[in-house]
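Notes to accompany the following structure.
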Amino acid sequence: MDRYVDGEAEAFEFLYRRVSPNLMGYLLRLTRNRERAEDLLQITFSKVHRARGSFLKGAPVLPWILAIARRSFLDERRSAQVRTEDLSPDGSLPEPQNEERPLPTEVSDALEVALDRLPENYREAIVLTKITGLSVAEAASVLGATETAVKLRVHRGYTQLRKELEQYSRTP
Amino acid sequence: MSMPKPDPLADLPWPKPEAPGEAVSAKICGACTKNLCAKRGLSAFNRLALCVAVSGVVASFGYWFGLRHHRSELGLRMGVYGAVGWALMQAAVLFIGFAPRRGLLGSRGARMALAVLVPVLFLGYLSYAAWSYVPFEQFSHGARAAHALGCGLVALSFGAIVGGSVLLVWRGTDPVTPRLSGTLAGFVGGVGGALAVGIGCPSHEAWHLWTAHGLIVLALGLMGFAAGRRLLSP
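From first to last, the protein sequence lines are chains E and S.
So for the first sequence, this note's numbering puts the first residue at 1; every next one is plus one.
So for the second sequence, this note's numbering puts the first residue at 1001; every next one is plus one.
In structure tokens, the structure reads:
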């Protein structure tokens, strides 16, 4: 990050290769939509680019970028809530689509479904600590919460995941 | 003896991180490396010094105003002592609230505590600095109220200068808690503005200090809260 701030283009590419898979995974789990996640990825990196001068030397990079991504997601969701509904070409309101997922056949699919069903704050805490690989302290700094709160969310999320997966293992 | 049950989540196939599409990656790398040049912002210490300096300039203006209007030497001296003491408090708030956040100093709990303590302590200080008291009915009519309104508006303007400078100097540095940081910036500005006016203001009535000098700290804290997300978030 420091070399990128000093103007080295190769350093940005290296940083991007290191950070973008984790960031994309996090955004995918927040948005549950690949296009939106990619849009947010672009918004996040444009903000990182603009704010690179304010990055405090030696601070951990991934939590800083994840915090920017999370803030961008919350801003985008807030503005989407006040946006009016787009009408279909015939002028009527589009009917909501029934998005029932097929029953999972693999444990990994079941885990994805169970993760999607978790409340957002539990899911975020689990994604950051288990999938993105942040420490509890780093996850707390991204979420703007205390470490105890993050531990509690992870524990409650685990309990709920366990219940969901037990149900899955009981189904024939 | 039965073996403990293994945690069913320990070996779960957690999803792997996913790479974004090639086109998106190319677009981002192209945009972020085009005409890339060094962009090193000010260090935390320089930012902090700059903010305290702006507060000092505003306080100096209050001192000049007091001299011009022949304020008593004792009053001027008390005002300056108060301003110097609170400048230290402003520096502490800026250091804990905005400088690199590691460990207990700069933790969210410490910053929340500051956001509560600063206005409470400042109102306490104003109560201590008040030399006289008139009932609110007397204060709220006539020349006293007009003087308090004028003082409050000037303190609000001075506070907006100091608080605005804090927001500008630390612009884009807090992606996590910009509203809390904005509130702290507002309090720093409010304290700076109130003290600058306090040096030049001859009134030492309790109601005058609470309303014209104290309330603007709360008002600027609210303004900082509102402006924080826009200005302090990258």
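Glycine included, every Cβ here is placed at the ideal spot set by N, Cα and C.
- Think of a sphere of 7 Å around the beta carbon of K47/E: the chain S residues whose beta carbon falls inside it are P1234, in chain order.
- Note on geometry: alpha-carbon atoms of G1021/S and E38/E lie some 8 Å from one another.
- With 16 or more other Cβ atoms from the protein chains shown falling within 10 Å of its own Cβ, T1173/S counts as buried.
- For R1230/S, no chain E residue has a C-beta closer than 7 Å to its own C-beta; the minimum C-beta separation is roughly 10 Å.
- Note that the C-beta distance between A1145/S and F1136/S is not below 8 Å.
- For P21/E, the closest Cβ of chain S is nearer than 8 Å.
- The beta carbon of S108/E falls within 8 Å of a beta carbon belonging to chain S, placing the residue at that interface.
- Taking a contact to require three or more Cβ pairs closer than 8 Å, the stretch 149-166 of chain E and the stretch 1031-1042 of chain S do not qualify as touching.
- Taking each of P1013/S, L1168/S, L1076/S and L1209/S in turn and checking the Cα distance to L1149/S, the smallest one comes out for L1209/S.
- I1216/S: member of the alpha helix (DSSP H) spanning L1215 to L1232, first to last residue.
- A direct Cα-to-Cα measurement between H1213/S and A1059/S gives close to 14 Å.
- Counting along the chain, no alpha helix (DSSP H) covers H1204/S, and no H or E run does either.
- In the DSSP assignment, H49/E falls within the unbroken alpha helix (DSSP H) covering R34 to R50.
- Per DSSP, the beta-bridge partners of S1132/S are E1205/S.
- Contact annotation, G1228/S with S1157/S: C-beta distance approximately 20 Å; criterion of less than 8 Å not satisfied.
- With at least 16 other beta carbons inside 10 angstroms of its own, S1025/S counts as buried.
- With fewer than 16 neighbouring CB atoms inside 10 Å of its own CB, F1045/S falls in the exposed class.
- Take V142/E, set aside five residues on each side of it, and the residues of its chain with a beta-carbon closer than 8 Å to its own are P63, L66, A67, R70, L128 and L134, in chain order.
- When secondary structure is reduced to three states using DSSP, M24/E falls in the helix class.
- Interface annotation for the stretch 145-156 of chain E against chain S: T146, criterion Cβ-Cβ distance under 7 Å.
- Interface flag for M24/E against chain S is set, since a Cβ pair is found closer than 8 Å.
- Scanning its chain for C-beta atoms nearer than 8 Å, with the 5 sequence neighbours on each side dropped, one finds around S1072/S the residues P1202, in chain order.
- The CB of S1025/S comes closer than 8 Å to the CB of Y16 and S20 in chain E, given here in chain order.
- Taking the Cα of L1074/S as reference, the smallest distance to any Cα among A1087/S, A1129/S, V1052/S and Q1090/S is reached at A1129/S.
- Using a CB distance cut-off of 8 Å, T1033/S counts as an interface residue toward chain E.
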